[in-house]
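In what follows, a single structure is set out as structure tokens and then discussed.
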Amino acid sequence: MDPFADTLRRLREAFGSGRTRPAEFRAAQLKGLGRFLRDNKQLLQEALLQDLHKSAFEAEVSEIRISQIEIDLALRNLRAWMKDEKVPKNLGTQLDSAFIRKEPFGLVLIIAPWNYPVNLTLVPLVGALAAGNCVVLKPSEFSRSTEKILAEVLPRYLDQSCFAVVLGGPQETGQLLEHKFDYIFFTGNPRVGRIVMAAAAKHLTPVTLELGGKNPCYVDDDCDPQTVANRVAWFRYFNSGQTCVAPDYVLCSPDTQERLLPALQRAITRFYGEDPRSSPSLGRIISEKHFRRLRGLLGCGRVVIGGQSDESDRYIAPTVLVDVQETEPVMQEEIFGPILPIVNVRSLDEAIDFINRREKPLALYAFSNSNQHPARAKLEPLLRKHVPTWGLSGRLLHNHTPTCDSSPAAPKVVKRVLAQTSSGGFCGNDGFMHMTLTSLPFGGVGASGMGSYHGKFSFDTFSHHRACLLRPPGLEKIYSLRYPPYSPRNLRML
Ligand code: NAD
1 MDPFADTLRR
11 LREAFGSGRT
21 RPAEFRAAQL
31 KGLGRFLRDN
41 KQLLQEALLQ
51 DLHKSAFEAE
61 VSEIRISQIE
71 IDLALRNLRA
81 WMKDEKVPKN
91 LGTQLDSAFI
101 RKEPFGLVLI
111 IAPWNYPVNL
121 TLVPLVGALA
131 AGNCVVLKPS
141 EFSRSTEKIL
151 AEVLPRYLDQ
161 SCFAVVLGGP
171 QETGQLLEHK
181 FDYIFFTGNP
191 RVGRIVMAAA
201 AKHLTPVTLE
211 LGGKNPCYVD
221 DDCDPQTVAN
231 RVAWFRYFNS
241 GQTCVAPDYV
251 LCSPDTQERL
261 LPALQRAITR
271 FYGEDPRSSP
281 SLGRIISEKH
291 FRRLRGLLGC
301 GRVVIGGQSD
311 ESDRYIAPTV
321 LVDVQETEPV
331 MQEEIFGPIL
341 PIVNVRSLDE
351 AIDFINRREK
361 PLALYAFSNS
371 NQHPARAKLE
381 PLLRKHVPTW
391 GLSGRLLHNH
401 TPTCDSSPAA
411 PKVVKRVLAQ
421 TSSGGFCGND
431 GFMHMTLTSL
441 PFGGVGASGM
451 GSYHGKFSFD
461 TFSHHRACLL
471 RPPGLEKIYS
481 LRYPPYSPRN
491 LRML
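Residue 175 in full-length UniProt numbering sits at position 175 of the sequence shown; the count goes up by one each step and never skips.
Structure (structure tokens):
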């Protein structure tokens with residue numbers, strides 16, 4: 001007995017009827033999603049607290065508000081995104097109309113992980129609904145409280161003939177993947193990504209794979225250690241380190257390590273107090289299985305900060321390790337927890353070589369003040385005045401002349417790391433701020449994934465870009481010049 005067959009048949013019929021295609025229908029679904037978030041904000045915050053001990057602040061900025069921003073952006077731009085895109089023409093098509101039509105794929109499957117269980121289900125869902133698809137959503141079985149709300153409450157806000165939530169772990173998801181979908185959007189670990197891609201290949205179904213990996217963080221000798229420590233610590237220990245774009249390890253010289261360690265200790269104490277375990281701002285590990293894996297990693301290298309753990313609470317203290325060997329598990333697998341190893345390198349070249357010898361990461365970070373352009377000193381006051389300032393909500397706080405990324409704001413060391421490496425995304429002198437911009441695509445490269453989303457990129461990901469040319473039916477005299485029998489005259493026409 002196939003538990004999914006009826007649901008999938010119903011959704012396919014709904015898609016076939018064409019009801020998801022009009023802009024009005026898509027907008028109504030997006031508005032429904034927005035209402036779901038507003039009406040159930042407290043319920044979602046409580047669920048995130050139960051699942052991950054997520055603070056109200058982290059739940060708001062990284063789950064709820066980020067989803068709301070995507071919904072609002074899609075609603076504001078829906079008609080413009082849906083519009084046929086005119087393209088340049090050649091001599092032989094001057095009298096025709098040539099354009100790209102963005103059409104929905106059909107039945108889309110979204111498989112989500114547990115670490116940001118609202119964001120990583122709803123943000124792809126915004127793109128899939130805006131693009132006019134029918135959607136099957138498979139949340140993670142590990143974030144149980146959030147999964148329950150997504151399964152029981154969310155469908156009430158959407159057209160249930162076009163949308164369904166299905167539940168289950170690997171076995172059920174495996175069964176689901178035997179069915180044919182028109183697009184699969186998967187977020188999770190690279191091992192499962194391979195399983196999903198192999199299942200999709202049987203039906204030649206296109207996929208987006210949002211995967212993980214080890215994100216390097218290079219810290220140059222010329223830096224302000226406290227600023228770097230604050231930023232690295234916030235992004236490493238946010239959501240208790242269970243973030244796919246968190247800095248996974250620091251690469252720096254032994255001297256910089258000596259300056260960074262007290263600064264990291266100060267940052268951790270300032271953020272989480274003398275006893276981080278009692279801090280309401282620090283999350284917990286999602287499951288016992290992950291807790292045990294992480295506790296095992298505490299045995300690598302030498303613990304210099306933190307290192308405490310408690311299984312009854314799935315608590316692991318914000319931890320820093322030094323003297324780790326490349327061959328130890330902490331440098332072999334994605335950490336995905338509140339543990340930060342520091343690896344020593346003697347030069348920038350060695351750091352770049354270290355990064356390039358490994359799989360391409362989802363994100364890469366570089367911190368440096370050095371080798372600034374001489375004009376920077378002069379320009380800095382001007383830049384401060386003219387750079388637009390954005391609130392975390394994406395709201396423009398004040399708007400002045402925008403500057404471009406090639407401005408002297410980025411020191412040369414940061415630019416060298418950017419130029420000589422590859423990664424899904426890159427951020428100079430901070431943690432994962434690049435992913436807060438809906439104007440940038442979010443996704444991996446190589447082993448960290450394929451495809452991207454956020455903002456209009458989501459709409460494009462879930463739309464087939466259909467190449468269209470409409471020719472007037474007449475003018476056969478002109479067009480017949482190309483027909484056989486061929487002669488030198490045919491060639492002259494080219
Ligand atoms: P996971 O791959 O174990 O699970 C993700 C989803 O796949 C879940 O819904 C799960 O039920 C399903 N699944 C698990 N095993 C399966 C199998 N054998 N067959 C079919 N489906 C299966 O990932 P996770 O533990 O939930 O999340 C952590 C991983 O996700 C990390 O590697 C992290 O880096 C990555 N991640 C990536 C991003 C990104 O945007 N690139 C975001 C968050 C997490």
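Ideal Cβ placement from N, Cα and C applies to all residues, glycine included.
Start and end residues, alpha helix (DSSP H) containing residue i
| i | result |
| --- | --- |
| residue 413 | 412-420 |
| residue 350 | 348-356 |
| residue 7 | 5-16 |
| residue 34 | 23-39 |
| residue 443 | No alpha helix (DSSP H) contains residue 443, which DSSP labels as neither H nor E. |
| residue 57 | 56-59 |
| residue 66 | 65-82 |
| residue 476 | 476-479 |
| residue 491 | 488-493 |
Through-space distance from residue j to residue i, alpha-carbon basis
| i | j | result |
| --- | --- | --- |
| residue 308 | residue 317 | 5 Å |
| residue 87 | residue 105 | 22 Å |
| residue 432 | residue 245 | 6 Å |
| residue 534 | residue 44 | The structure shown does not extend to residue 534, since the chain is modelled only from 1 through 494, so no value can be given for it. |
| residue 63 | residue 118 | 6 Å |
| residue 32 | residue 158 | 6 Å |
| residue 343 | residue 169 | 36 Å |
| residue 280 | residue 322 | 27 Å |
| residue 480 | residue 20 | 41 Å |
| residue 154 | residue 299 | 42 Å |
| residue 465 | residue 76 | 21 Å |
| residue 413 | residue 256 | 15 Å |
| residue 292 | residue 311 | 8 Å |
| residue 368 | residue 493 | 59 Å |
| residue 16 | residue 135 | 13 Å |
| residue 263 | residue 277 | 20 Å |
| residue 330 | residue 253 | 19 Å |
For residue i, the three-state DSSP class (helix, strand or coil)
| i | result |
| --- | --- |
| residue 306 | coil |
| residue 396 | Caution is warranted here: a pLDDT of 43 is assigned to residue 396, below 50, making its placement in the model unreliable, and the coordinate value is therefore given only provisionally. Note: residue 396 maps to strand in three-state DSSP. |
| residue 198 | helix |
| residue 121 | helix |
| residue 390 | With a pLDDT of only 41 at residue 390, under the threshold of 50, the placement of this residue in the model should not be trusted; the figure read from the coordinates follows. Strand at residue 390. |
| residue 286 | coil |
| residue 319 | strand |
| residue 127 | helix |
| residue 231 | helix |
| residue 361 | coil |
| residue 438 | coil |
| residue 1 | coil |
| residue 47 | helix |
| residue 262 | helix |
| residue 153 | coil |
| residue 241 | helix |
| residue 471 | coil |
| residue 428 | strand |
| residue 495 | No answer is possible for residue 495: it lies beyond the span of the chain, which begins at 1 and ends at 494. |
| residue 225 | helix |
Residue closest to residue i, alpha-carbon to alpha-carbon, out of the options
| i | options | result |
| --- | --- | --- |
| residue 261 | 251, 122, 39 and 304 | 304 |
| residue 416 | 71, 336, 47 and 348 | 348 |
| residue 288 | 268, 282 and 314 | 314 |
| residue 22 | 79, 51 and 367 | 79 |
| residue 56 | 67, 41 and 165 | 41 |
| residue 441 | 461, 326, 187 and 199 | 461 |
| residue 35 | 249, 68, 191 and 475 | 68 |
| residue 66 | 422, 200, 120 and 286 | 120 |
| residue 103 | 430, 91 and 84 | 84 |
| residue 61 | 435, 451 and 483 | 435 |
Limits of the unbroken beta strand (DSSP E) element including residue i
| i | result |
| --- | --- |
| residue 163 | 163-165 |
| residue 344 | 339-344 |
| residue 458 | Not the beta strand (DSSP E): residue 458 falls in the alpha helix (DSSP H), residues 455-461. |
| residue 91 | Looking at the DSSP string, residue 91 is not in any beta strand (DSSP E), and its letter there is neither H nor E. |
| residue 210 | 207-210 |
8 Å Cβ cutoff, residue i in contact with chain D
| i | result |
| --- | --- |
| residue 469 | As a matter of chain content, chain D is missing from the structure shown, which is built from one protein chain. |
heavy atom of ligand 2 below 7 Å from residue i C-beta
| i | result |
| --- | --- |
| residue 147 | With respect to ligand 2, the structure offers nothing, as its ligand set consists of ligand 1. |
Inset, instruction - State whether the stretch 457-464 contacts the stretch 215-223, with contact taken as three or more CB pairs (one from each stretch) at a distance under 8 Å. - result: no
Legend entry - Segment contact, 8 Å Cβ cut-off, at least three pairs: the stretch 359-370 with the stretch 442-454: yes
Legend entry - the stretch 328-342 touching the stretch 201-216, judged by at least three CB pairs closer than 8 Å: yes
Inset, instruction - Determine contact between the stretch 127-146 and the stretch 479-489, defined as no fewer than three beta-carbon pairs at a distance below 8 Å. - result: no
Inset, instruction - Spell out a yes or no on whether the stretch 142-158 and the stretch 37-54 are touching, meaning 3 or more CB-CB pairs, one atom from each, closer than 8 Å. - result: yes
Inset, instruction - Flag this pair as touching only if the stretch 171-191 and the stretch 2-9 have three or more C-beta atom pairs under 8 Å; answer yes or no. - result: yes
Inset, instruction - Evaluate contact between the stretch 467-474 and the stretch 97-115, counting only Cβ atoms and requiring at least three cross-stretch pairs below 8 Å. - result: yes
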